[in-house]
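First comes the structure, then the notes that go with it.
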Amino acid sequence: MKRHSWLKTATVLSGAIASAALFSSPANAQSTEGAPAPTDLVSAVQQGAPIFEMRAHYEEAEVTGQNDADALTLRTRLGWQTARWNNLVGIVEFDDIRNLAGDYNDGVPPAEPFATIADPEVTELNRLQIAWTPTQSFTATLGRQRIAFDDQRFVGAVGWRQDDQTFDAVRLDYRQGAFSASYAYLDHINRIFAEDLDWDSESHLINASYTFATPFRLSGFAYLLDFDGGGVSQSNETYGARLSGTVDAAGTRLAYAATYATQSDYGANPTDYDADYYGVDLTATRGPVALRLGYESLEGNGPNRRFITPLATGHAFQGWADVFLNTPNTGVEDSYAGVTFRPDWSAPFFSAPALTLVWHDYEAESTGADFGDELDLQATASITQRLSVLVKYADYNGTGAPADTTRTWIGIEFKL
């Protein structure tokens with residue numbers, strides 16, 4: 000039986016107030032920039048702004064030993080953000096994801112006999128939150144919301160998939176000069192697999208940073224994750240630090256990040272383990288060209304005794320083929336190099352082009368065994384200010400397990 004979610008109840012009650020005002024306001028309410036400050040809740044809604052997005056993804060997946068899969072999915076996002084009233088701002092946002100064509104395993108049981116493309120059909124409440132900012136230094140946010148810390152290596156929104164990862168949470172943010180700190184209590188994890196594979200949670204997130212200067216920002220974090228049901232084995236406590244910054248030298252901008260974290264079992268996790276994480280990333284940008292080098296190590300010490308990142312935006316790390324979303328029991332080391340080219344060129348209905356190439360080489364962390372390599376390619380451009388397109392390709396060549404995997408995407412996105 001699921002435990003009672005007091006935060007989910009609070010979220011619904013608080014959101015109901017904003018929703019009632021939304022639907023009681025005129026149907027043709029528009030965002031009125033420069034209008035007088037709202038004097039009541041209804042006028043705060045009327046002076047708010049609509050949220051409207053449409054994103055179509057076509058994806059092909061070829062995985063050795065599985066039937067090829069393809070999916071044409073469309074995500075429609077509709078919502079409203081209120082104007083600020085009594086230091087409060089509310090957001091109501093719904094997502095609808097449709098499978099227009101194709102055969103694939105969407106990751107939700109029962110499994111279809113095809114390779115996995117984790118974009119299940121669903122219509123759901125994506126965000127329902129109220130943020131209170133009584134001073135410039137403090138914000139409290141209650142409800143279903145996105146949470147992303149640092150580079151999203153440990154906590155993120157998984158924005159690549161059609162169904163975002165959001166959290167039923169209470170979040171507190173404090174900022175004073177060069178110092179910032181955040182705390183969040185997570186009551187429910189709305190994962191990317193529609194509503195069928197969500198996790199109840201009693202988790203705590205703490206992230207604090209101090210920017211000494213542009214080249215030197217130090218962050219520390221503690222993520223205490225305790226999940227129910229299918230997430231029990233993913234419960235863990237992770238403590239770490241991250242050093243990052245940028246330096247300009249002779250026309251070249253250098254950006255770097257170095258992260259260390261240590262992890263162990265926590266809460267209801269039945270497995271006793273300890274594992275470490277190391278990551279270093281360096282990017283040099285000169286004119287339209289950016290060169291990137293990096294290394295990641297996630298330790299593994301046997302069955303279920305490995306460093307895991309259950310709330311991360313995993314697609315952004317260790318290759319776009321997504322073969323290492325779950326850390327192998329022997330851990331994984333990823334050495335990578337990439338280049339991005341952004342020419343200063345535009346034409347009618349085509350601007351801001353960007354081409355990216357990344358090469359990955361993988362090894363088992365504990366044994367040094369060769370896991371194979373991967374080539375990733377991506378091209379993006381803007382058609383108009385609100386319409387963008389992408390073509391993306393990932394080709395992982397393994398040495399056994401994980402299986403060889405090739406993924407191809409074509410996407411188009413409109414944002415109001």
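Residue numbers (numbering that gives the first Met the number 0): 0 to 415.
The C-beta atom is built at its ideal place from N, Cα and C for all residues, glycine as well.
Which residues mark the beginning and the end of the beta strand (DSSP E) in which residue i is found?
| i | result |
| --- | --- |
| Leu290 | 288 to 297 |
| Leu71 | 68 to 80 |
| Tyr209 | 198 to 212 |
| Trp159 | Per DSSP, Trp159 belongs to no beta strand (DSSP E) and is neither H nor E. |
| Gly266 | Neither: Gly266 is in no beta strand (DSSP E) and is coded neither H nor E. |
| Asn125 | 121 to 134 |
| Pro327 | Looking at the DSSP string, Pro327 is not in any beta strand (DSSP E), and its letter there is neither H nor E. |
| Gln144 | 137 to 144 |
| Ser381 | 369 to 381 |
| Leu310 | Here Leu310 belongs to no beta strand (DSSP E), and DSSP marks it neither H nor E. |
| Glu52 | 48 to 62 |
For the alpha helix (DSSP H) containing residue i, list its first residue and its last residue.
| i | result |
| --- | --- |
| Ser42 | 40 to 45 |
By the three-class DSSP mapping on this structure, what secondary structure does residue i have?
| i | result |
| --- | --- |
| Ser234 | coil |
| Gly397 | strand |
| Gly176 | coil |
| Ala240 | strand |
| Ala315 | helix |
| Asn27 | Since pLDDT at Asn27 reaches only 39, below the 50 mark, its modelled position is unreliable, and the value read off the structure follows with that caveat. If DSSP states are grouped into helix, strand and coil, Asn27 belongs with coil. |
| Gly337 | strand |
| Gly219 | strand |
| Gly410 | strand |
| Gly89 | strand |
| Gly228 | helix |
| Ser387 | strand |
| Gln151 | coil |
| Glu194 | coil |
| Ala114 | coil |
| Thr366 | coil |
| Val322 | coil |
| Ala20 | Low local confidence applies: a pLDDT of 41 at Ala20 is under 50, so the model's placement there is unreliable, with the coordinate-based value given in what follows. DSSP places Ala20 in helix when its eight states are reduced to three. |
| Asn189 | strand |
| Trp5 | Interpretation of Trp5 is limited by its pLDDT of 47, a score under 50 that renders its predicted location unreliable; no figure is taken from the coordinates. |
| Asp94 | strand |
| Val107 | coil |
| Tyr392 | strand |
| Tyr272 | coil |
Exposed or buried, residue i, counting other C-beta atoms within 10 Å across all chains shown (16 or more means buried)?
| i | result |
| --- | --- |
| Ser136 | exposed |
| Phe148 | buried |
| Ser181 | buried |
| Val157 | buried |
| Val246 | exposed |
| Thr326 | buried |
| Gly47 | buried |
| Asn125 | buried |
| Gly301 | exposed |
| Trp84 | buried |
| Gln161 | buried |
| Val288 | exposed |
| Val414 | According to the sequence shown, residue 414 is Lys rather than Val. Exposed. |
| Arg88 | The residue asked about is misnamed: residue 88 is Val in this sequence, not Arg. Buried is the call here. |
| Gln384 | exposed |
| Gly142 | buried |
| Asn189 | buried |
| Phe22 | Because Phe22 carries a pLDDT of 41, less than 50, the predicted location of this residue cannot be relied on, and the following value inherits that uncertainty. The residue in question, Phe22, is exposed, as its Cβ has fewer than 16 Cβ neighbours within 10 Å. |
| Gln175 | exposed |
| Ser218 | buried |
| Ser345 | exposed |
| Asp343 | exposed |
Pull the bridge partners of residue i from the DSSP assignment, please.
| i | result |
| --- | --- |
| Ala346 | Phe349 |
| Thr282 | Ala254, Arg291 |
| Tyr259 | Ala240, Tyr277 |
| Gly101 | Ala70 |
| Leu356 | Val338, Leu376 |
| Arg83 | Per DSSP, none; premise fails for Arg83. |
| Asp167 | Arg143, His187 |
| Asp247 | Arg252 |
Compute the minimum distance between the beta carbon of residue i and the heavy atoms of the ligand MN, and state whether it is under 7 angstroms.
| i | result |
| --- | --- |
| Pro133 | Looking for the ligand MN in the displayed structure turns up nothing, as the structure carries no ligands at all. |
Counting Cβ pairs, one atom from each stretch, are 3 or more of them under 8 angstroms apart for the region 190 to 206 and the region 157 to 167? yes
If we count Cβ pairs, one from each stretch, closer than 8 angstroms, do we get three or more for the region 34 to 43 versus the region 64 to 76? no
Between the region 229 to 243 and the region 256 to 268, can you find at least three pairs of beta-carbon atoms closer than 8 angstroms? yes
Is there contact here, the region 222 to 239 with the region 266 to 273, by at least three beta-carbon pairs under 8 angstroms? yes
With contact counted as at least three CB pairs below 8 angstroms, one residue from each stretch, are the region 363 to 374 and the region 397 to 408 in contact? yes
Three-pair Cβ contact test at 8 angstroms for the region 318 to 336 versus the region 294 to 309: yes
Cβ pair count under 8 angstroms reaching 3, the region 404 to 412 against the region 52 to 61: yes
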